[in-house]
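Enquirer:
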DNA sequence: TAAATGACTAATG
DNA sequence: TCATTAGCCATTT
């Protein structure tokens with residue numbers, strides 16, 4: 782054992798920021814990886830945001846990752862949930878209609894932190 | 001230390 | 001218009 786290296790199971794600042802923004806997403810609304818990435822100053826960091834969602838499972842607080850979809854409104858990350866339908870059910874429970882793994886009226890439900898938090 | 005992977009997006013042919 | 005390539009950031013091997 783090497784007690785000299787207290788491993789940190791928690792993500793970096795970037796992930797913390799992503800988790801914080803995702804928690805700000807109101808119920809019944811959805812956001813995208815690119816939007817969050819852009820809000821954090823990393824336009825092309827969408828992939829990192831997606832990775833942060835996967836790490837959201839390790840976050841101290843609950844992160845409504847089901848409210849985050851790709852730019853097309855497609856539930857790309859549903860397979861990472863407890864069950865393949867957990868993401869869709871969570872969205873529908875909040876009033877978001879999901880049709881064929883896609884968010885209905887995605888453009889209207891899109892929550893942009895750069896605008897909502899302006 | 002370096003290379004590969006990934007819940008993405010934008011640009012180019 | 002569709003398909004392919006490149007870029008970004010962090011984690012994992």
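Numbering (the numbering used here), first residue to last: 782 to 899. The C-beta atom is built at its ideal place from N, Cα and C for all residues, glycine as well. Predicted, not measured: the structure shown is a model, and the values here were computed from it.
What residues match up with residue 880 in a beta bridge as DSSP calls it?
Expert: 883
Enquirer: Assuming residue 846 and residue 803 form a contact by the criterion Cβ under 8 angstroms, report the distance between their Cβ atoms to the nearest whole angstrom.
Expert: 7 angstroms
Enquirer: Quick one: what's residue 850 bridged to in DSSP?
Expert: 813
Enquirer: Use the C-beta contact count for residue 853: other C-beta atoms within 10 angstroms, 16 or more gives buried, fewer gives exposed.
Expert: Counting the other Cβ atoms within 10 Å of the Cβ of residue 853 gives fewer than 16, which makes it exposed.
Enquirer: Where do the N-terminal and C-terminal ends of the alpha helix (DSSP H) with residue 831 fall, by residue?
Expert: Here the alpha helix (DSSP H) through residue 831 covers 827-837.
Enquirer: Report the three-state DSSP secondary structure of residue 890 (helix, strand or coil).
Expert: helix
Enquirer: Less than 8 angstroms between the CB atoms is what I'm expecting for residue 830 and residue 799, so what's the real figure, rounded?
Expert: 5 angstroms
Enquirer: Could you tell me how far apart the beta carbons of residue 928 and residue 858 are, in whole angstroms, since I believe they sit closer than 8 angstroms?
Expert: This structure cannot speak to residue 928, because the chain is shown only from 782 to 899.
Enquirer: Closer than 8 angstroms is the cut-off here; do at least three beta carbon pairs connect the segment 874-894 with the segment 826-843?
Expert: no
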